[in-house]
Structures are given as structure tokens and as C-alpha cells.
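Here the UniProt record's numbering is used: the first residue of the sequence shown is 1, the next is one more, and so on.
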Amino acid sequence: MNMPMQFTPVPISCYILTLNSQKHLQTVIDSVKTAVDEIVILDSGSKDDTEKIAAANGCRFLYRKFDNYRDQRKYGVDACTHDWVFSLDCDEVASPEFAQHLISLKDTLNDTIGNLPADEVVYVIMRDWYAFGRKVHALFPVVSPDYPIRLFNKKKVHYTEKSNIVHEEPQGYQLKKTLQGRVHHYTFETKAELYKKLDAYSSFDAQMKLIKGWRSNPFKAWFSPIKYWIKFYVFYGNWKDGKTGLLLAKYGYDYKRLTYSKLKKLQSQKQP
């Protein structure tokens, strides 16, 4: 009598980047804890109850001083026990459908897809963006939903020097597939949070442009903010988001304005 084949589910590690993340962290962990085999919390100096929440949920808690998102993610990937690594941000909540699909995927995660080895395939999430308590159509630099890579085999796919230090993407894959279900991204809910992210992200972007050899000039500094305000408010749908949309379009305008202002300052500091 032939016995049915037994499939061993492929284990998945999950890491979550945190900094003073107690507001959403429990909900984030709850949304994926049944779907993954390990949760690593990579913290960059929280002063709230982030570490207590991690400990209460049996998560592994690590500290690394933050320098940029690319290198923070690289450290998180390397810290994970299993080859297949999934990541969430500390304000991203997976839907039940998403978690269930992740569970079912573990039975076939190491199977070849066409002629491609499994480790050359990466998986993107379908991520809806929320700001100031409401779902929005766009938030610079993305349209909602967007599709970032969040599941891959770390033996093949890596964050490298080619990866952007702000809007980072791993390298080394041949095919993207989309995970079923949605992830809800609850980004800033107050103006203070918005301006804090604006300052940090524009600084990182200016550094990246300097590394790539970009030059600031008066025309770019004037035209780019206007172009992106029009693009996001008119063409990407922020006009549908009411007063919130106006604020988000201004966020994109200010992001570009500050980036070029900071790039000009970095250029002057670099000159002998």
C-alpha cells in the first residue's frame, strides 16, 4: 500500500524594524504570528514598551543603531534563522487572507516555477496606505496600493550597495510574484509624525543623490517640487482624498524642495 507523500512546510522568518513602535506593534505581530516560524524585532533605540511587547510575544529582540533603511534591512535579514525571510514594518498589518495565503505557500515555496529555481523568485505584498486615519490614493513617492518586495530566499537575494538607502529593494532575483491578500500600512497620523518623516527621508534622499553624483541647480530646485505636486494631486488621485490629499500633495512638494536644498548643502560641504 502506497503511503501518501508528506510535505514539510518551508519555515519562514519574519523581521520587523522598530523605533518607539508600541502603538501598532501588538497588532502587527498578531497579524502574522500564525503564519511565520520566527519573529525578529530589530530595534534602533526605543524608549517606550516596544521591547516588552516583543518579549511578551516570544520574539527575538535585537538592537542596531540606525544609519539607513537598506543596511538596517540587511542586518535584519542576516539575523533571521531561516532561508526564507519575510518582513513587515512596525505600522503594517497583514489581513487574515494574507496570513492564510502565506501559510499555504509554505508547502510549495521551494518548488521550481517554470524553469526558474525557487530561490530566484521573490514575492511582493499588495500594500494599502493610510494617513491621518483614512485610506488614501497616493503618498509620495508611491501610488496606493504599491507592491514592495517582502519575501525572498536570503541565500540568493540580497540588499547590496546598488539598493537605495531610502526606498530599498533587494537584488539577485529573476521573477516577482504577488502574495494574495492585502497589507494595511498605517503611516503618520499627526502632522508632527509627517514632518518628522519628511525631515528624515529628505535627508537620506539627498545623501543618496550625492553618492550617485546628482547635482542640485536652481531650475531643479524650483521645478521638481511643482512637478511632483501636480503629479500626485492631479494624476495620482490625492484630489480624491479631500483635505488630507492637499496635505499629502504638499508633503511631496516639501520632500522635493528639502531634498534639493539639502543636496546643495552637502555639495558645498564636499567641496574643498
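C-beta: ideal position from N, C-alpha, C; glycine also.
- Taking the Cα positions, T190 is about 6 Å away from F132.
- Exclusion of the five residues before and after W129 leaves V136, L139, S144 and H185 as the residues of its chain whose Cβ lies within less than 6 Å of its Cβ.
- Selection Y75, T160, L179 and P148 evaluated against K106 yields L179 as nearest (Cα-Cα).
- Straight across, the Cα-Cα distance linking Y15 with I211 is about 28 Å.
- Collapsing the DSSP output to three states places D71 in a helix.
- Here G76 is buried: its Cβ has 16 or more other Cβ atoms, across all protein chains shown, within 10 Å.
- The beta carbon of N153 sits closer than 6 Å to the beta carbons of D83, W84 and D119 from its chain, once the five residues preceding and following it are set aside; these are given in chain order.
- Scanning its chain for C-beta atoms nearer than 6 Å, with the 5 sequence neighbours on each side dropped, one finds around I41 the residues I16, T18, A54, C59 and F61, in chain order.
- For G45, same chain residues with a beta-carbon under 8 Å away, outside a window of 5 residues either side, are L19, Y63, K65 and F66 in chain order.
- Between W229 and R150, the alpha-carbon positions lie close to 29 Å from each other.
- Inter-residue distance for Y173 and Y159 is about 11 Å (C-alpha atoms, whole angstroms).
- Following the DSSP letters along the chain, one finds D205 inside the alpha helix (DSSP H) bounded by residues K191 to I211.
- Judged by their CB atoms, S216 and Q267 are nearer to each other than the 9 Å cut-off.
- Around the beta carbon of Q171, fewer than 16 other beta carbons lie within 10 angstroms, which makes this residue exposed.
- Uninterrupted beta strand (DSSP E) stretches at least 3 residues long and entirely within the segment 142-185 occur at 149-153 and 175-178, given in chain order.
- Within the model, the alpha-carbon separation for Y201 versus D111 is close to 38 Å.
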